[in-house]
Structures are given as structure tokens and as C-alpha cells.
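Engineer: Sharing a structure with you now.
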Ligand code: NAP
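Numbering (the working numbering), first residue to last: 26 to 366.
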């Protein structure tokens, strides 16, 4: 158990988490960021980011952008724990003290900013899990090089799918983009760019029924079903990339903080306040709609300001003695609201 009670603990390290860290650090709140092992969030898996303001002439690559955000937060005194938060114990009392557990270590704080982001959605079809990392991937920038000169399938019809398809088209002999509707969800500019590439084939409206291992190191089979006629077809591919969106990483607050049916953390109106006093949420963890690096960064800023104002305006529940000082008795006297599994 860490003896001190911190002002703010930030869980998560995408644009929301690092922006919250920057703002709370500049407010002299000395934030601790539990940033995970793979810090930087989903932008670590992206190539060029052309729509984050401030980077003309080709944009900036995702990992560089995240490294710069981290450095900027560090410059003002943010502290980083490069490990995974495993559970939380939240006080339901305004001004109370929350706990964030990182394995055996416990960090305590008056405010917590949740910014765990989102992860790649799975298709949930037979063979997907079995071939994951062995022909089925969720990250073209990570795995494209394995599929040089192969036929590569991309599943999805949004901007991510087209971005992946265009990136993979530079490696593979051919990219087959499979989407469940004839109409793509992706923006017009992305559609125009992808359609201009000769080695991208659009296969719609089809759904993937299953993935099967083929009879060679770079041979897999995607069994497709026509969405209207139900006719099935086997396509021989080197590998498949799934790009069908994301799901929020809210497991550690499941049952503790109010979430919606899809697991997104609920916040109060336009604020970042959750239903627990002193606990705020930002970024893709709360955002069904926009899910952009810039909107995540903006909501990280909001969460930092909400936390700062909460600390300023909320009378504090007295600090309990640390476990080192008084053993288990202190924990028994101070009953937290709820605990995650
Ligand atoms: P998205 O816009 O939600 O698109 C997800 C796609 O996957 C949709 O076409 C959807 O089909 C399909 N899909 C979802 N579940 C499926 C399932 N179970 N089986 C088959 N297909 C399924 O997600 P995204 O492409 O990841 O983009 C997220 C946000 O990031 C968007 O706002 C996007 O504009 C943005 N983004 C921008 C850029 C860029 O500008 N460079 C790059 C990447 C992402 P339906 O269309 O039928 O629903």
C-alpha cells in the first residue's frame, strides 16, 4: 500500500489519459498515470495521423504522437506506472479516498480519471480465435510484413478498414475488402483513395462465416456468405485483418461504475463526472460517436478540469492511517463503496 493519498490517479494512456496528465500536472496535482504495458493506446498501432491539428505536410505517425504527448505530460511532473490496473475500490462519499490496485500494489487518491480506451472488436466466428496471431490479425501496422505478396483479406466497411486495406495493399499482391453491406461506412475521401488502388477488390455484401487453416504456411480459407442470397464461397487467403470497430475497456469498473449496455462508462451530461464522486471518465471509454484522437484529447482535458474543480470545491474526508501505520484495523474503519472482482 502506498502511504500517500494522491490528488489524482489516471488509468489509461491514450490521448485522453496523457492530456488529463498534462493538465493535472500543470495544475500542480502531480498525477500518477497507470499507463499499462502497451502505453499509448490504439494510436500506437496506427501509421500516419493526418487529422490531428498542428502537423501539416503529411501528419505525424501514431507512435511518435503518443511519445510526444507522454513527454509533454512528464515535463510538468506526471509520474508513470508502466503496469496494468487490476481492480479499483471506490469510495461513495464525496471527498473520500479511492484505491487503484496494480497487482499487489495499492495506490490511493482523492480523484480517479478513467481513460482505458477501447480495444478491437472481434467477429466472433469459428476459427477467428484459433488463428489469431497465426493468420488473423487486428493490426496492419503490426503484422503487414508477414503477408508480403499474399492475398490479404480485410473485414469491415469503416475508415479503419479502408486505412488498413490501403496500407496492406502496399505489401500484399491483392487485398480483398469484405463488408456486410454494399454501402461503406467510411468517409468519402477514404473511399475515393481506396477505390483508386488497383489491387483492392471490394467484396460486398458478404459476411465471414468462418476462418479455416489451409494446407501451407501462408494458406488460410475464409468462408464467406452472401448477405442477401446466403450463397457461400471459400476464398483462399494468406491472412485476414479484422477492422470492425472497437469496444470499451471498462472491465475493471464493471459493476462499480454505471455503464451502458455496450459497456461504455456513463457520464453526467456534457461533463466527465461518473456516478461515483471524484471519479471521471474520458476518451473512447465513454464515446460511442466521435472516437477521434483529438476528441479523446479534448475530453481528457475536460476530465482534468473536472477533477481539479472537484478537489478545490469538495471538503475532504480525513485521510485514514496507512496500513503500514495501523494494520488491517484502518481498512476496517474506512469502508469503501464497492470493489471490482
Ligand atoms: P466504424 O466506423 O464503427 O466502422 C465499423 C465497420 O465495421 C462498419 O462498416 C460496420 O458495418 C462493420 N462491422 C461492425 N461490426 C461488424 C460485424 N460484427 N461483422 C461485420 N462487420 C461489422 O469503426 P472504425 O472504422 O474503426 O472507425 C471508428 C472511428 O474512427 C470513425 O469515426 C472513423 O471515422 C474514425 N477513423 C478515422 C480514420 C481517418 O480519418 N484516417 C481512420 C480510422 C478511423 P456497418 O457499416 O454495416 O455498421
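Backbone N, C-alpha and C fix where the C-beta goes; we use that ideal spot for every residue, glycine too.
1) Using beta carbons (cut-off 8 Å, strictly below), is residue 333 in contact with chain B?
2) Beta-carbon distances below 5 Å to any heavy atom of the ligand NAP define the shell here; list its residues in chain order, please.
3) Can you give the Cα-Cα distance for residue 325 and residue 203, rounded to whole angstroms?
4) Pick out whichever of 272, 232, 270 has its Cα sitting closest to the Cα of residue 250.
5) How long is the line joining the alpha carbons of residue 240 and residue 137, rounded to whole angstroms?
6) Check whether the region 297-313 touches the region 115-122, taking contact to mean three or more Cβ pairs, one atom from each stretch, closer than 8 Å.
7) Quick one: residues in its chain with C-beta nearer than 6 Å to the C-beta of residue 43, no 5 flanking neighbours on either side, listed in chain order?
8) Between which residues of its own chain and residue 185 is the CB-CB distance below 6 Å, once the five residues before and five after are set aside?
9) Give me the Cα-Cα distance between residue 104 and residue 112, rounded to the nearest whole angstrom.
10) Does the distance from the CB of residue 278 to the CB of residue 139 come in under 8 Å?
11) Tell me, to the nearest whole angstrom, how far the beta carbon of residue 49 is from that of residue 33; I am working on the premise that it is less than 8 Å.
12) In this structure, how does DSSP classify residue 26 when only helix, strand and coil are distinguished?
13) Compute the distance between the beta-carbons of residue 122 and residue 342, then report whether it is under 8 Å.
14) Decide yes or no for the touch test of the region 70-88 against the region 157-177: beta carbon pairs closer than 8 Å, at least 3 of them.
15) Which residue's Cα is closest to the Cα of residue 101: 54, 82, 333?
16) If distances are taken between C-alpha atoms only, which option among 196, 320, 271 comes closest to residue 295?
17) Which two residues bound the contiguous alpha helix (DSSP H) that contains residue 319?
18) On a CA-only basis, which of 154, 109, 51 is nearest residue 276? Give me that one, please.
19) Less than 8 Å between the beta carbons of residue 176 and residue 261, yes or no?
20) Between residue 27 and residue 141, what straight-line distance do the alpha-carbon atoms span, to the nearest angstrom?
21) Skipping 5 residues on each side, what residues in its chain have a beta carbon closer than 8 Å to that of residue 344?
22) Only counting the same chain, and skipping five residues up and downstream in sequence, which positions put a Cβ closer than 6 Å to that of residue 201?
23) Buried or exposed: residue 170, going by 16 or more other Cβ atoms within 10 Å of its Cβ?
Structural biologist: This is what the structure holds:
1) Among the chains of the structure shown, chain B does not appear; only one protein chain is present.
2) 181, 182, 183, 184, 185, 188, 205, 206, 210, 269, 270, 316
3) Start at 1 with the first residue of the chain shown, and residue 325 comes out as number 300. Start at 1 with the first residue of the chain shown, and residue 203 comes out as number 178. Their backbone Cα atoms lie some 35 Å apart in a straight line.
4) As a position in the chain shown, residue 250 is number 225, starting the count at 1. Ranking the options by Cα distance to residue 250, first place goes to 232.
5) Start at 1 with the first residue of the chain shown, and residue 240 comes out as number 215. Start at 1 with the first residue of the chain shown, and residue 137 comes out as number 112. Rounded to the nearest angstrom, the two C-alpha atoms are 51 Å apart.
6) yes
7) Translated into the one-based positions of the chain shown, residue 43 becomes position 18. If we look at residue 43 and ignore the five residues flanking it on each side, its Cβ neighbours are 94, 95, 98.
8) By one-based count along the chain shown, residue 185 stands at place 160. The residues are 268.
9) Position 79 of the chain shown holds residue 104. Position 87 of the chain shown holds residue 112. Those two C-alpha atoms are separated by around 19 Å.
10) As a working note, residue 278 is residue 253 in the chain shown. As a working note, residue 139 is residue 114 in the chain shown. Yes, they are a contact pair.
11) One-based indexing of the chain shown puts residue 49 at position 24. One-based indexing of the chain shown puts residue 33 at position 8. With 8 Å as the limit, residue 49 and residue 33 qualify as a contact, their Cβ atoms being about 5 Å apart.
12) Within the chain shown, residue 26 is the residue found at index 1, counting from 1. Confidence at residue 26 is low in this model, with a pLDDT of 49, below 50, so its placement is unreliable and the value that follows should be read with caution. Coil.
13) The residue labelled residue 122 in the question sits at position 97 within the chain shown. The residue labelled residue 342 in the question sits at position 317 within the chain shown. Yes, the pair counts as a contact, with Cβ atoms nearer than the cut-off.
14) yes
15) Counted from its first residue, the chain shown places residue 101 at position 76. Nearest option by C-alpha distance: 54.
16) Walking along the chain shown from the start, residue 295 turns up at place 270. Among 196, 320, 271, the Cα nearest to that of residue 295 belongs to 320.
17) The count along the chain shown starts at 1 and reaches residue 319 at position 294. That run of the alpha helix (DSSP H) goes 318-338.
18) Position 251 of the chain shown holds residue 276. Nearest C-alpha to residue 276: 109.
19) Here residue 176 is taken as the residue at index 151 of the chain shown, counted from 1. Here residue 261 is taken as the residue at index 236 of the chain shown, counted from 1. Cβ distance < 8 Å, so residue 176 and residue 261 count as in contact.
20) As a working mapping, residue 27 is identified with position 2 in the chain shown. As a working mapping, residue 141 is identified with position 116 in the chain shown. Low local confidence applies: a pLDDT of 49 at residue 27 is under 50, so the model's placement there is unreliable, with the coordinate-based value given in what follows. Each residue's Cα considered, the two are about 22 Å apart.
21) The residue labelled residue 344 in the question sits at position 319 within the chain shown. Taken in chain order, the residues that qualify are 30, 122.
22) One-based indexing of the chain shown puts residue 201 at position 176. Closer than 6 Å at the Cβ level, and outside the excluded window around residue 201, lie 178, 226, 228.
23) To locate residue 170, count along the chain shown from 1; it is residue 145. Counting Cβ neighbours within 10 Å, residue 170 comes out exposed, since fewer than 16 surround it.
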